[in-house]
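Numbering (this note's numbering), first residue to last: 1414 to 2395. Virtual Cβ for every residue (Gly too), placed ideally from N, Cα, C.
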């Protein structure tokens, strides 16, 4: 009822009114008089700041280290009328050129001659590819994740929630916040998310990386966060997707806030322009698209239509079993659930900036990201009570000291501490709960006999909850097929416990220094170094109820003293007696598959680059050195929590990589620029493949043992890129960008089988740097600025991604030499972004009519993407795999729309209402298929008996399992949001 009231209020309001990297840029130019002669010693000042410079004797000027944004610039000199150029845009890692003609005057004129800057539609000085995105541009887009914003550009796509750039892998994209990495060095990928409210500008780079960027093969996402201003501003936002009842919603509610401005203003007014802050946070609680599957009807689901009626397939045993309801006991207020939901995400960001004077400032930022959720897995649909619960906790602390010695010389020193902690395990079950010490009888026996040839573990049993034996009989997990019982296929037995246990921690302590010196109008030097101290602790346990006999005997023989012993003359063996506590400890030591270690590797880098800018050519040349030191040794977790030292060979501890970077930008005309880039990019292998627990010795007791390798080489990508940027007319709002690229990729990690030379029955899998790949393609981007009420972009990518392996694939045979398409090889990918906007107090007349739309302060954003389907390896009727990834899934198409209306109370205070529709056309895109049929629901299995008859019951239950909802995308969802800004 309350939700309907909220929805009615929303619609009433709506319809009533509607009937280190680089974090700075550079400004340069020349000042002349009416006779085109240079004017020296002109004061150039960015209005409202203390950033400025003075022209040289040849009239040129250059100011470095300018934060990104839009500025008004004042030019003043005795004997000339002062000028103010408005709307000059400064972008990260770019040079904005602003030339000025000043007028001489016999008397001093205090009034400015105001001229609007001609916006540079094309970037004549950049030698890299990728379009910058401001936080304001993101605000009203029909997207919720930063990755979705980036994927609207040519060359980028989101697959399984991960960003893929130009045919690379997801872990080849490095994310940076305020110039410091927040990517996960152990497992790869992004470790920390940040809310779009905190974004000042986002600078994605897909190719042509300058030397200051390293340890990335495919892409770099550099996010500069807001630091507040001299005026207070803020917002509070509420978003919900269940004001309208719909089966596709996620029962999601989100609350966001932001506040920025000066610090201590009421107490110390003089600090208003010197000490500022920005704070934002968000909480998102949702039950996911599977919220109904979390609470299934066990008996009802296994009841099928039968001969005009129904037939219950499960035995009466399951009718008496108490089913798990995750929503039981959850409180409700006004239609909104209180307390934890299946997914609970929190994010916070706080940044301070203090300006000592015009040349020195410091910033300090702390941000955190916490996630707590209960995963859904289709196979565990009826056993979710003890399925995985995950806790993520990430934090980053960043401090920056910035010293501008003069307009041409700048020094930045940054320090960062980043931590990530991951805990995962069955809900409500700790590691200590898997086993319990107990006796099978009322005997007072305190010790048990142990015969070495037997695995004898009296008193150890498998649990579902602390102190209780498992109360579900897995032998009963059967269903009726023509009056006979068969095991339920696919679905895990209710009451089962997940065997995944993870307790991982990693930290990065970083120090970075960047020194920039503009020698003259041509040469701009930049150099710097970075030092990173990693601390990694991994502690993982899988399938704990599997007791390894070899490890059990080893523990008993090496770690335990017998309670007693007797000689059995009949069998000629000694029989040892042990306490129940000792047998319990041996069981714990031999439990499951362990993976754990502690390591402290060191990473460092040094770079130097020279950006040479002539009138008709810009050359960016640099060299980067990356260093990698594993350390002398690392600790490996063994059974029962003991550690052993694993030593590296002296020659394997240190590696150095050299990466040359070269780019050329050639302005063909005022509206056209051509660029070329050659990049040699190194990326360290993921640390999970260097520091591993298993050794060759483990292969004697554990099949398929994987052994790490400290000599794994850095992964290398060599990129060649040519691009053309063209403004379609001198005053045109349209800019076309065409880029073609080719990439060779080396030293991907693979597994190959190794046999023990002394015993060929023993083998293991060794990690090695031998796989390779390639990617090539053409990217088209068409961008239109806001004119005549609309702006937008269109992008298209034609791409090929090939390699000899799609990932870490176990190979029993020789290395696959032939290249084939990779799973993420999307041949065609088209995106369209259209925004219709009526500014405050503007009037919009419908085309071909005299009717003025009664709307202002209104916008509509429409996003559309259509792309080739993902590739998969087909299987023939005999279950033999055909050529790898030779088939494609159906194409995907997604349309999102957001409609926004602002209601202003004053110049700065306003309320925003918006409606977002995701998957507007309700198209269920295919995420995964069964290789025999190419269908997301039917696997083509032969379920017939020896007589060729397929029982209806067998087909019904089999189809229940194969119809995995995750194989297709979520349907149409409708969300409403309300924001109050001031």
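Under 7 Å between C-beta atoms of residue i and residue j
i            : j            : result
residue 1929 : residue 1755 : no
residue 2093 : residue 2073 : yes
residue 2208 : residue 2197 : no
residue 2314 : residue 2271 : yes
residue 2423 : residue 1921 : An answer regarding residue 2423 cannot be provided, because it is not within the stretch 1414 to 2395 covered by the chain.
residue 2333 : residue 2310 : yes
residue 1391 : residue 2287 : The shown model of the chain, from 1414 to 2395, leaves out residue 1391, and the question about it has no answer.
residue 1976 : residue 1987 : no
residue 2253 : residue 2263 : no
residue 1691 : residue 1641 : yes
residue 1572 : residue 1564 : no
residue 1503 : residue 1931 : no
residue 2075 : residue 2017 : no
residue 2383 : residue 1702 : yes
residue 1548 : residue 1612 : yes
residue 1708 : residue 1757 : no
residue 1495 : residue 1437 : no
residue 1749 : residue 1666 : yes
residue 2368 : residue 1600 : no
residue 1439 : residue 1541 : no
residue 2385 : residue 1661 : yes
residue 1779 : residue 1810 : yes
residue 1413 : residue 2387 : The chain is shown from 1414 up to 2395; residue 1413 falls before or after that span and cannot be answered.
residue 1825 : residue 1768 : no
residue 1498 : residue 1510 : no
residue 2005 : residue 2036 : no
residue 1762 : residue 1697 : no
Per-residue burial, residue i [other beta carbons within 10 Å of its own, 16 or more giving buried]
i            : result
residue 1743 : exposed
residue 1474 : buried
residue 2473 : Past the edges of the chain, shown from 1414 to 2395, lies residue 2473, and the structure says nothing about it.
residue 2057 : exposed
residue 1681 : exposed
residue 2172 : exposed
residue 2376 : exposed
residue 1527 : exposed
residue 2170 : exposed
residue 2241 : exposed
residue 1993 : buried
residue 2237 : buried
residue 1710 : exposed
residue 1594 : buried
Sequence-distant residues of the same chain with beta carbon closer than 6 Å to residue i, five excluded per side
i            : result
residue 2211 : 2190, 2191
residue 1951 : 1917, 2009, 2010
residue 1807 : 1604, 1605, 1782, 1833
residue 2159 : 2129, 2185
residue 2390 : 1652, 2327
residue 2089 : 2077, 2135
residue 1889 : 1730
residue 1586 : 1576, 1578, 1631, 1632
residue 1359 : Lying before the first or after the last residue shown, residue 1359 is absent from the chain, which here runs from 1414 to 2395.
Beta-carbon proximity list for residue i, same chain, < 7 Å, skipping 5 on both sides
i            : result
residue 2126 : 2160, 2182
residue 2255 : 2269
Integer-rounded CB distance, given that residue j should sit under 8 Å from residue i
i            : j            : result
residue 2195 : residue 2250 : Contact doesn't hold; Cβ gap of about 18 Å is too wide.
residue 1482 : residue 1529 : So it is not a contact: roughly 16 Å between Cβ atoms.
residue 2366 : residue 1892 : 7 Å
residue 2243 : residue 2279 : 5 Å
residue 2281 : residue 2232 : Not confirmed; about 19 Å, so no contact.
residue 2012 : residue 2022 : Contact flag wrong, Cβ pair sits at about 32 Å.
residue 1646 : residue 1669 : Their Cβ separation, rounded to whole angstroms, is 14 Å, which puts residue 1646 and residue 1669 out of contact at 8 Å.
Contacting residues, own chain, Cβ-Cβ under 8 Å from residue i (five flanking each side not counted)
i            : result
residue 1452 : 1444, 1445, 1446, 1468, 1472, 1490, 1493, 1515
Mind listing, in chain order, the continuous beta strand (DSSP E) runs of no fewer than 3 residues lying wholly within the region 1713-1771?
1716-1719, 1722-1725, 1756-1768
Every unbroken beta strand (DSSP E) within the region 1923-1976, with a cutoff of 3 residues, ordered by chain
1936-1960
Enumerate, from N- to C-terminal direction, the unbroken beta strand (DSSP E) stretches of 3 or more residues contained entirely within the region 1602-1659.
Fully enclosed beta strand (DSSP E) runs of 3 or longer: 1612-1618, 1632-1638, 1646-1653.
If we require 3 or more residues per run, which beta strand (DSSP E) segments fall completely within the region 1797-1856?
Residue ranges of uninterrupted beta strand (DSSP E) with 3 or more members, entirely inside the region 1797-1856 and ordered along the chain, are 1801-1819, 1822-1839, 1848-1850.
Considering only residues of the region 2189-2244, which uninterrupted beta strand (DSSP E) runs meet the minimum length of 3 residues and lie entirely inside it, listed in chain order?
2203-2216
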